[in-house]
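Residue numbers (the UniProt record's numbering): 1 to 406.
No residue lacks a Cβ here, since even glycine has one placed at the ideal position from N, Cα and C.
Below: the structure, in structure tokens.
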Amino acid sequence: TYGQNYVEEGFGFALGWNYWYNWAVTIAVDLVASQLVMSYWFPDTPGWIWSALFLGIMFLLNWISVRGFGEAEYWFSLIKVATVIIFIIVGVMMIVGIFKGSQPTGWSNWGIADAPFAGGFSAMIGVAMIVGFSFQGTELIGIAAGESEDPEKNIPRAVRQVFWRILLFYVFAILIISLIIPYTDPSLLRNDVKDISVSPFTLVFQHAGLLSAAAIMNAVILTAVLSAGNSGMYASTRMLYTLACDGKAPRIFSKLSRGGVPRNALYATTVIAALCFLTSMFGNQTVYLWLLNTSGMTGFIAWLGIAISHYRFRRGYVMQGNDINNLPYRSGFFPLGPIFAFVLCLIITLGQNYEAFLQDTIDWGGVAATYIGIPLFLVIWFGYKLAKGTRFVRYSEMTFPDRFKR
1 TYGQNYVEEG
11 FGFALGWNYW
21 YNWAVTIAVD
31 LVASQLVMSY
41 WFPDTPGWIW
51 SALFLGIMFL
61 LNWISVRGFG
71 EAEYWFSLIK
81 VATVIIFIIV
91 GVMMIVGIFK
101 GSQPTGWSNW
111 GIADAPFAGG
121 FSAMIGVAMI
131 VGFSFQGTEL
141 IGIAAGESED
151 PEKNIPRAVR
161 QVFWRILLFY
171 VFAILIISLI
181 IPYTDPSLLR
191 NDVKDISVSP
201 FTLVFQHAGL
211 LSAAAIMNAV
221 ILTAVLSAGN
231 SGMYASTRML
241 YTLACDGKAP
251 RIFSKLSRGG
261 VPRNALYATT
271 VIAALCFLTS
281 MFGNQTVYLW
291 LLNTSGMTGF
301 IAWLGIAISH
311 YRFRRGYVMQ
321 GNDINNLPYR
331 SGFFPLGPIF
341 AFVLCLIITL
351 GQNYEAFLQD
361 TIDWGGVAAT
371 YIGIPLFLVI
381 WFGYKLAKGT
391 RFVRYSEMTF
401 PDRFKR
């Protein structure tokens, strides 16, 4: 909506379908991850059984009502938050050397060889896409606003909390891992991704002498996988519903159940997610890897779109003579915030696999798999633009809710 109202109609159309596809494929990625997690306890059970079971659970949680989604996310989040808090406490005690007589590690691991930036710039850019893929979902607050109570009060509060939660539960946790586990640890160099013991979180608990750490972390990782898939199901379903309401998708997807659930959109999303998952079982996972790369890239494209839309929204709002203090929430550091976000996402997006162009022989297959999301987005955008003859929205033509004016 913001993309088409404050940038360009075709831009908003492409962003909407880009975002729906992104989360539909992410569900399939989480289904594959669930196989790896469950194989720890049931190594002889076919993995597709667990994926089918968890897909059914995600479907039912979203089919019943939005309350089912909310309740599930509440308990999933509670488990994850409790685990991370325990992890941080144990980690800090190990770093300062007061946990079961352990020797303090301090900052010593950052002085090993090329640490903490082993691999240099190319390694940082390469891993940024994976990091970004894991961070996808922080923008779900905007999608959930339409079904929340008193959004003008609760959404700004939630947005403010996101920064501190990311800082504590992501950045601080990763800092602790880097201080306790050196990047040269042999356990991190194993090639078997099915071995749950290679998880850095598990290694920290094991270094602390907690022998059952692998089983505990496996259970926590399972809840994280289900939470990500559940959120993906919610986000993609609501996006398809919104596209249909705006006339950008078949109207059949705009129908709601008595409980307010867009079930036709849910059916379509579930089918696409299942088909994407099935591709991982054939062709030596080549098709699946393409889908995964596309999903990671489309996530960054969505963030680029958010940064552009936010910048133009604020510019247009002020240029029409409105008082910025009338907005229920005002993002800080404007205009540097959206500009910085745009530049950073652009560098990460275009910098993926850039070393391939420095080789004597370019691996065009690898390049295509990495960047496929970009031409896909551009084709959808300019295809719509040419078909409908749309143009960029001028600042003077932008419309804003009456309650936010003057």
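Here I306 is not near G132, since their CB atoms are 8 angstroms or more apart. Distance between V225 and Y183, taken at the CA atoms: about 25 angstroms.
Assigned with DSSP and collapsed to three states, F392 falls in strand.
With three or more CB-CB distances shorter than 8 angstroms, the segment 61-75 counts as touching the segment 249-269. Here S34 is near W50, since their CB atoms are less than 8 angstroms apart.
If you ignore the 5 residues before and after P338, its C-beta comes within less than 6 angstroms of the C-beta of A307, H310 and Y311, all in its own chain and listed in chain order.
Note on I98: under 16 other CB atoms within 10 angstroms of its CB, so exposed under the neighbour-count rule. Between the segment 321-339 and the segment 165-175 there are fewer than three C-beta pairs closer than 8 angstroms, too few to call the two in contact.
Closest in alpha carbon position to I272, among Y6, Q4, V29 and E8, is V29. If you keep only unbroken alpha helix (DSSP H) runs of at least 4 residues inside the segment 319-380, you get 336-351 and 364-371. Runs of the alpha helix (DSSP H) lying entirely within the segment 31-119 and spanning at least 4 residues, in chain order: 47-64 and 66-96. DSSP, read as helix, strand or coil, puts E139 in coil.
Short of 6 angstroms from the beta carbon of C345, and not among the five residues preceding or following it, lie these beta carbons of its own chain, in chain order: F300, W303 and L304. Sequence-distant Cβ neighbours of A213 in its own chain, meaning closer than 6 angstroms and more than five residues away, are T202, F205 and Q206.
The C-beta distance from Y384 to G10 rounds to 4 angstroms, short enough to meet the 8 angstroms contact threshold. For V318, the CB contacts under 8 angstroms within the same chain, skipping 5 residues up- and downstream, are I324 in chain order.
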